[in-house]
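Working notes, beginning with the structure itself.
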Amino acid sequence: MKHTTLAILAFSSFIVAGCNEEKAAIDARAEATKEAIDNRKEAVNTAAADAKKQADIDATISKANIEASKTAAQAQLDADKKRADAVATAEKARVDAEKK
Numbered sequence: 002m003k004h005t006t007l008a009i010l011a012f013s014s015f016i017v018a019g020c021n022e023e024k025a026a027i028d029a030r031a032e033a034t035k036e037a038i039d040n041r042k043e044a045v046n047t048a049a050a051d052a053k054k055q056a057d058i059d060a061t062i063s064k065a066n067i068e069a070s071k072t073a074a075q076a077q078l079d080a081d082k083k084r085a086d087a088v089a090t091a092e093k094a095r096v097d098a099e100k101k
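Structure follows, in structure tokens:
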């Protein structure tokens with residue numbers, strides 16, 4: 002009877018030990034999965050931050066281009082205005098010269 006009890010006790014210990022190893026492996030897989038998800042979340046956050054920075058840079062460049070276009074257009078209009086004044090002055094001078 003001693004041998005039977007000892008055999009049952011050994012078998013039970015073996016099963017419990019096997020279950021503990023299996024549970025430990027499951028816990029390790031779960032932890033690795035969680036860590037991988039956390040790493041992906043960090044990567045997504047980093048990518049979003051980089052995209053926001055690039056969007057800010059692009060917006061600044063666009064604003065600068067708009068301002069440069071505005072300045073160039075205003076300069077051209079000022080030049081056209083001066084040219085119109087010069088043409089008018091030249092025509093007045095011509096008219097005055099013809100009348101003399």
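Take 2 as the starting number for the sequence shown in our numbering and just add one per residue. We put the beta carbon where it would ideally sit given N, CA and C, even for glycine. All figures in this text were calculated on a predicted structure; none of them were measured in a lab.
Check: Rounded to the nearest angstrom, what separates alanine 56 and alanine 25 at their Cα positions?; Outcome: 46 Å
Check: Rounding to the nearest angstrom, what Cα-Cα distance links alanine 85 and isoleucine 58 in this structure?; Outcome: 40 Å
Check: Between alanine 65 and the rest of its own chain, which residues show a CB-CB distance below 7 Å, the 5 nearest in sequence each way excluded?; Outcome: none
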